[in-house]
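Residues in the sequence shown are numbered from 42 upward in steps of one, following our numbering.
Think of the CB as a built atom: it goes at the ideal place given N, C-alpha and C, for glycine as much as any other residue.
Structure, as structure tokens:
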Amino acid sequence: MQERLEEIKQNTLSQLATASDLEQVKELRVKVLGKKGEITQVLRGMGSLSAEERPRVGQLANRLRQEVEAAIETKEKELEKQAMQQRLQEEKVDVTLPGVPRPLGAIHPLTAVIEQVEDIFIGMGFAVAEGPEVEQDYYNFEALNVPKDHPARDMQDTFYLTEDLLLRTQTSPVQIRTMRKKEGHVPIRIICPGTVYRRDDDDATHSHQFMQIEGLVVDRGVSMTELKGTLLAFVKQMFGEEQSIRLRPSYFPFTEPSVEVDIRCMKCNGGGCRICKETGWIEILGAGMVHPHVLRSSGYDEKRYTGFAFGIGVERVAMLKYGVDDIRHFYTNDLQFLRQFRSV
Ligand code: PHE
Numbered sequence: 042m043q044e045r046l047e048e049i050k051q052n053t054l055s056q057l058a059t060a061s062d063l064e065q066v067k068e069l070r071v072k073v074l075g076k077k078g079e080i081t082q083v084l085r086g087m088g089s090l091s092a093e094e095r096p097r098v099g100q101l102a103n104r105l106r107q108e109v110e111a112a113i114e115t116k117e118k119e120l121e122k123q124a125m126q127q128r129l130q131e132e133k134v135d136v137t138l139p140g141v142p143r144p145l146g147a148i149h150p151l152t153a154v155i156e157q158v159e160d161i162f163i164g165m166g167f168a169v170a171e172g173p174e175v176e177q178d179y180y181n182f183e184a185l186n187v188p189k190d191h192p193a194r195d196m197q198d199t200f201y202l203t204e205d206l207l208l209r210t211q212t213s214p215v216q217i218r219t220m221r222k223k224e225g226h227v228p229i230r231i232i233c234p235g236t237v238y239r240r241d242d243d244d245a246t247h248s249h250q251f252m253q254i255e256g257l258v259v260d261r262g263v264s265m266t267e268l269k270g271t272l273l274a275f276v277k278q279m280f281g282e283e284q285s286i287r288l289r290p291s292y293f294p295f296t297e298p299s300v301e302v303d304i305r306c307m308k309c310n311g312g313g314c315r316i317c318k319e320t321g322w323i324e325i326l327g328a329g330m331v332h333p334h335v336l337r338s339s340g341y342d343e344k345r346y347t348g349f350a351f352g353i354g355v356e357r358v359a360m361l362k363y364g365v366d367d368i369r370h371f372y373t374n375d376l377q378f379l380r381q382f383r384s385v
């Protein structure tokens, strides 16, 4: 029996020595030390031993069990360490390898202009409002003092969906929506960027779909002077401190008086060129004092309150700022064109 135990130990140790992975060691542990393992098997035969021999063999078996256990553990640790070393070796990161370049997009120039305009007006205390592109005739025309027979309502200019529904031709309906929402309270100080639609033939300067940024201020004592000062501050921040503006009398049904606002032509610096049609000035927005009819029909007492409004042409501003000569570039998703704005 002693010999058998000794034999088991030697066998186990030599098998351990040649074992090359953890799985083999695990199997060996079960085979030798397990419930039905070799050592247990031997101990089962103890019954046939004499009373003196029994404790000796029992002791021996226990010691042997401990020895084998220890040997197996040592081997396991060694193999685990090896496996870890191997993984570290295999998964080593080569920090000198050049990175994989990911293609970087660009902010669309119209988005860039809108964000800049928003920043400037937010800095002057304005909030950003929104309105629907599918609009009711009432908001787009009627409440803006555009009578039923006004030429701007002509089928030529407006995309009608039904008799009463249309694609808004301007962002000005947001003036009405804002005043109605505020229910006669002041101050109102909002801008609203958005897409508008007109039945125009597309060419270098016209598009059937384009963008405007509406502005509206209503309060006590709002004056034309404040309108001019606000727009000048905007233009200087947008186009540079040296810029100046020129107000020309104009007509819009919903403002009185109405103006068109020009900035100095940036191509010729005011000297006159093809871009500015030799005038030295370029129009970028329409504006005026909110018409008393509009105030009244939107719930504001025109005797107590005054206001001004303006509508900025986003494409116009973007074309001037970035030197783009055809409005269609903004809508055709030509990557060569768009990639130029990566640094904007
Ligand atoms: N809605 C006008 C247009 O589309 C612009 C405008 C807005 C004029 C606000 C005056 C006041 O031409």
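{"Asked": "Between the beta-carbon of E323 and the beta-carbon of D303, is there less than 8 Å?", "Found": "A quick correction: the sequence has Ile, not Glu, at residue 323. Yes; because the gap between Cβ atoms is below 8 Å, this pair is in contact."}
{"Asked": "So what's D160 in DSSP terms, helix, strand or just coil?", "Found": "helix"}
{"Asked": "Please classify V71: does DSSP put it in a helix, a strand, or coil?", "Found": "helix"}
{"Asked": "Per DSSP, which one or two residues make a beta bridge with Y392?", "Found": "Any answer about residue 392 is impossible in this case: the structure gives the chain only from 42 up to 385."}
{"Asked": "Is the beta carbon of G327 within less than 7 Å of some heavy atom of ligand 1?", "Found": "yes"}
{"Asked": "Where does T115 land, buried or exposed, given buried means 16+ other C-beta within 10 angstroms?", "Found": "exposed"}
{"Asked": "Just mark L257 as buried or exposed, buried being the case when its beta carbon has 16 or more other beta carbons within 10 Å.", "Found": "buried"}
{"Asked": "At what residues does the beta strand (DSSP E) containing Q216 begin and finish?", "Found": "That residue, Q216, is in no beta strand (DSSP E); its alpha helix (DSSP H) goes 214-223."}
{"Asked": "Quick one: give me the first and last residue of the beta strand (DSSP E) that R369 is part of.", "Found": "Unbroken run through R369: none, as it is neither H nor E."}
{"Asked": "Can you look up V169 in the DSSP assignment and give me helix, strand or coil?", "Found": "strand"}
{"Asked": "Taking C-alpha atoms, which residue in E297, Q82, V66 lies nearest to M265?", "Found": "E297"}
{"Asked": "Please confirm if the segment 239-251 is in contact with the segment 194-213, defined as three or more CB-CB distances below 8 Å between the two stretches.", "Found": "yes"}
{"Asked": "Give the range of the beta strand (DSSP E) segment to which V259 is assigned.", "Found": "250-260"}
{"Asked": "Regarding A350 and ligand 1, is the C-beta to nearest heavy atom distance less than 7 Å?", "Found": "yes"}
{"Asked": "Considering R305, what are the terminal residues of the beta strand (DSSP E) in which it resides?", "Found": "296-305"}
{"Asked": "Short of 7 Å in beta carbon distance, which residues of its chain neighbour D178, apart from the five on each side in sequence? Order them along the chain.", "Found": "D205, L207"}
{"Asked": "Check whether chain C comes within 8 Å of L84, counting only Cβ atoms and requiring the distance to be less than that.", "Found": "In the displayed structure, chain C is absent; only one protein chain is listed."}
{"Asked": "Identify, in the order they occur along the chain, each residue of the same chain with its Cβ nearer than 8 Å to the Cβ of E176, setting aside the five sequence neighbours on each side.", "Found": "L206, L207, L208, R209, P214"}
{"Asked": "Tell me whether the beta-carbon of F162 lies closer than 8 Å to the beta-carbon of I229.", "Found": "no"}
{"Asked": "Give me the Cα-Cα distance between P294 and G329, rounded to the nearest whole angstrom.", "Found": "10 Å"}
{"Asked": "Do you know offhand how far L376's Cα is from P144's?", "Found": "12 Å"}
{"Asked": "Is T296 near ligand 1, in the sense that its beta carbon is under 7 Å from a heavy atom of that ligand?", "Found": "yes"}
{"Asked": "Relative to the C-alpha of L69, which residue among Q51, G146, T203, F182 is closest?", "Found": "Q51"}
{"Asked": "Given 7 Å as the limit, tell me if G251 has its C-beta closer than that to any heavy atom belonging to ligand 1.", "Found": "The residue you asked about is not Gly; residue 251 is Phe in the sequence shown. Because no heavy atom of ligand 1 lies under 7 Å away, the Cβ of F251 does not count as near it: no."}
{"Asked": "If you draw a straight line from the C-alpha of Y363 to the C-alpha of C306, how long is it?", "Found": "13 Å"}
{"Asked": "Evaluate contact between the segment 355-370 and the segment 282-294, counting only Cβ atoms and requiring at least three cross-stretch pairs below 8 Å.", "Found": "no"}
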